[in-house]
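Just so you know, we're using the working numbering here: the sequence shown kicks off at 1 and counts up by one.
Beta carbons: idealized from backbone N, C-alpha and C, even for Gly.
Written out below as structure tokens is the structure these notes cover.
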Amino acid sequence: MSGLDDAAIYLLTGIQAAGKSTVAQALAERLPRSAHVRGDVFRRFVVGGREEMTPDPSPEALAQLRLRHRLAAQAADAYAAAGFTAVLQDVVLGEMLPYLIEQIHTDPLYVVVLAPRPDVVERREAGRDKKAYGTFTVADLDTGLRGGTARIGLWLDTSDLTVAETADEILARAEPVRSTRDCSRD
């Protein structure tokens, strides 16, 4: 199968309205054989009994979050096994980042954290049709990202970068991450 040797996974994370979906799509469009895997669809698949994440999540909400991340990892791995580079994007913060990395079996794996300034995220959120913030504030999630998430992979302050410039930076600077034991650190 053509492209199997080139298959990889790019995991893009950041807080809501950080630009993950837009950047992931732009990155996937630059790659010759690619798939854009949106982790949030796995949350939306749950119809009855869905527990949303809150600042103080229930055990069931955490179990559903881990399920969402496992399913997203499996989908990304399946695309990579078929010779596609999968660009997986989702909000993956705190202890969930090492957890999701461990669920992904494809090598190479690139981890990219989009970390624009909170004021930029607030402006982006105000200009969007969909509203991501309800239970959480931008400040809540930004604090969780910067204070509670391991510095794994490439962290980019995208506050002053266009989508195209962000994709350029990812392709030029991202280094493979093999596991949480030997991750690249900024």
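Asked	Found
CA-to-CA distance, D107 to A80, given in whole angstroms	9 Å
Alpha-carbon to alpha-carbon, A82 and R33	10 Å
Chain-order list of residues whose beta-carbon lies under 8 Å from that of S2 (same chain, five-residue window excluded)	Only weak support exists for where S2 lies, its pLDDT of 47 falling under 50; the value from the coordinates is given anyway. So the list reads R33 and G83, once near-sequence residues are dropped.
Beta-carbon proximity list for P118, same chain, < 8 Å, skipping 5 on both sides	V138, A139 and D142
Simplified DSSP assignment, three categories, for Q89	strand
heavy atom of the ligand NAD below 6 Å from P108 C-beta	No copy of the ligand NAD occurs in the structure displayed, which carries no ligand at all.
Supposed close pair T158, P116 - CB separation, criterion 8 Å	5 Å
Member of P57, V23 and T166 whose CA lies at the smallest distance from the CA of H36	V23
Test item: CB-CB of A76 and L88 under 7 Å	yes
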